[in-house]
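For the sequence shown, position 107 matches number 107 in the numbering used here, and the numbering has no gaps at all. To start, the structure itself, in structure tokens.
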Amino acid sequence: MNKIAVVTATRAEYGLLSPVIKKLRSLESESFKVNLIVTGTHLSEQYGMTVCEIDDRIDHKIPISVSSASGADISANQAEALVKSTDLFLAEKYNGIVLLGDRYEMLAVAIAAGNTHTPIFHLCGGDTTEGALDEWIRHSITKMSYLHFVTNEDSRRRVIQLGENPNRVFNYGSTSIDNVLHVADMTKTEVLESIGLADCKYALCTYHPVTMENGSVDNQIKAFLAAIEVLPELQFIVTKSNADQGGARINELLDEAEKEIDNLHVYTSLGVRRYLSLMKYAEFVLGNSSSGIIETPAFHVPTVNIGDRQRGRLQSESIIDCGEDTVSIVMAIKKAMTAEFRAICNSVVSPYGDGHAAEKITKKISEAIASDRIDLKKKFFDIEANL
């Protein structure tokens, strides 16, 4: 029997993996099984116990610490994930595992796969996010992986530039566009009522730590919150930060500010369906999350992208980049709300695919497993370079 696993550690990651999980599960039989492994912040009360939002069968849970106050905390989390993942992979003897992106937990899981000779099928390699530790983690996982499912042509070229054989690098677009087309199905009234708000004009916001900077999280969030206070005519729906170093402090500051700022509404997690449905009707999306770069343009909604966390990622014309200070944020918001800029957004075509990524990824994975010809002794693919 052939058996593969899909690993998820965070709410955002699960949202992107969910279409692939469902397609893979549709192929299950007595000779092909798909395991879902849940770890990281999914199993943490502090981060909303988002395991409860997973609507797929869960086969294994790997509880690990999610403390993130220091680099030592992150390393300890990775060590725990490495040991526990290795034990599970040795016991289950998977024919392959599906990993997405660039989280520090996924780097540990990838190392465990390498140590147990388990092929990795990697989603979202080749992207660049110069303001985050994710940048080097993502490229490291690329070098450990056998099949590569990138989200755009620029990323495909980068993965090949890293020495990966073009015959194993596939640009099928982002599964986030699959979700945009099929998951964001709540009406504006329904989705606002589900979070306790009446009909209103609002912005959807997420602010993560910029992990490659030594700047003060407190100052960044202070400027972000000051911009919200300048615009009392809008409601700001904010999802909490992830478990990167500094994320817990951001969430603490948001909780404190919600008590003082009338138009600020903070949620630990909204779930994929509500989050994307809220995005669909938002006046704009604000913050520094990749969702503002990838999903939001597909809704023809403006994005105000703060700071350098997403610097280098392929962007649409509907995205306004701004600094981390209050004046820059407010100026960008006012531009996003003009009729002229809304017209630009309405004509944007997403560079991240046509919404059929999951079915193509699933087909390629199932073909690779069925062929029984996976060779982990990779040869470096050389390209000519004019230096």
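Beta carbons are placed, not taken as given, at the ideal position from N, Cα and C, and that holds for glycine.
Distance, residue j Cα to residue i Cα
i	j	result
residue 316	residue 129	15 Å
residue 296	residue 117	38 Å
residue 351	residue 137	23 Å
residue 179	residue 382	36 Å
residue 71	residue 172	35 Å
residue 304	residue 244	22 Å
residue 37	residue 62	7 Å
residue 373	residue 341	51 Å
residue 127	residue 13	15 Å
residue 323	residue 113	39 Å
residue 188	residue 206	19 Å
residue 196	residue 190	10 Å
residue 87	residue 80	11 Å
residue 47	residue 242	8 Å
residue 29	residue 76	38 Å
residue 348	residue 239	26 Å
residue 168	residue 100	16 Å
residue 7	residue 98	6 Å
residue 375	residue 145	11 Å
residue 345	residue 302	6 Å
residue 18	residue 85	21 Å
residue 182	residue 353	14 Å
residue 111	residue 58	22 Å
residue 379	residue 309	33 Å
residue 157	residue 248	36 Å
residue 298	residue 177	7 Å
residue 119	residue 74	25 Å
residue 194	residue 235	15 Å
residue 288	residue 227	15 Å
residue 9	residue 246	18 Å
residue 1	residue 365	15 Å
residue 125	residue 162	11 Å
residue 216	residue 254	15 Å
residue 133	residue 321	20 Å
Backbone secondary structure at residue i - three-state DSSP
i	result
residue 322	strand
residue 5	strand
residue 228	helix
residue 386	coil
residue 346	helix
residue 247	helix
residue 65	coil
residue 97	strand
residue 47	helix
residue 300	coil
residue 29	strand
residue 183	coil
residue 162	coil
residue 305	strand
residue 314	coil
residue 270	coil
residue 42	helix
residue 197	coil
DSSP beta-bridge partners of residue i
i	result
residue 203	236 and 284
residue 355	In DSSP, residue 355 forms no bridge with anything.
residue 171	150
residue 77	According to DSSP, residue 77 bridges with nothing at all.
residue 36	6
residue 376	Answer is none; residue 376 lacks a bridge partner.
residue 208	None; residue 208 has no bridge partner.
residue 264	236
is_contact[residue i, chain C] using C-beta, thresh 8 Å
i	result
residue 73	The structure shown contains no chain C; it holds only a single protein chain.
>> Using a Cβ distance threshold of 8 Å, determine whether the stretch 200-208 contacts the stretch 34-54, with at least three qualifying pairs required.
In response: no
> Curious, which full-length beta strand (DSSP E) runs of at least 3 residues does the stretch 99-148 contain?
Replying inline: You should have 120-123.
> Are the stretch 326-336 and the stretch 88-99 in contact at 8 Å, needing three or more beta carbon pairs?
Replying inline: no
>> Can you confirm whether the stretch 147-166 touches the stretch 357-371 when touching is taken to mean that 3 or more C-beta pairs between the two stretches lie within less than 8 Å?
In response: With the cut-off at 8 Å, the stretch 357-371 and the stretch 147-166 touch.
>> Counting beta carbon pairs with one atom in the stretch 268-280 and one in the stretch 103-115, are three or more of them shorter than 8 Å?
In response: No: the two stretches stay apart, fewer than three of their Cβ pairs being nearer than 8 Å.
> Is the stretch 255-265 touching the stretch 276-294, taking contact as three or more C-beta pairs under 8 Å?
Replying inline: no
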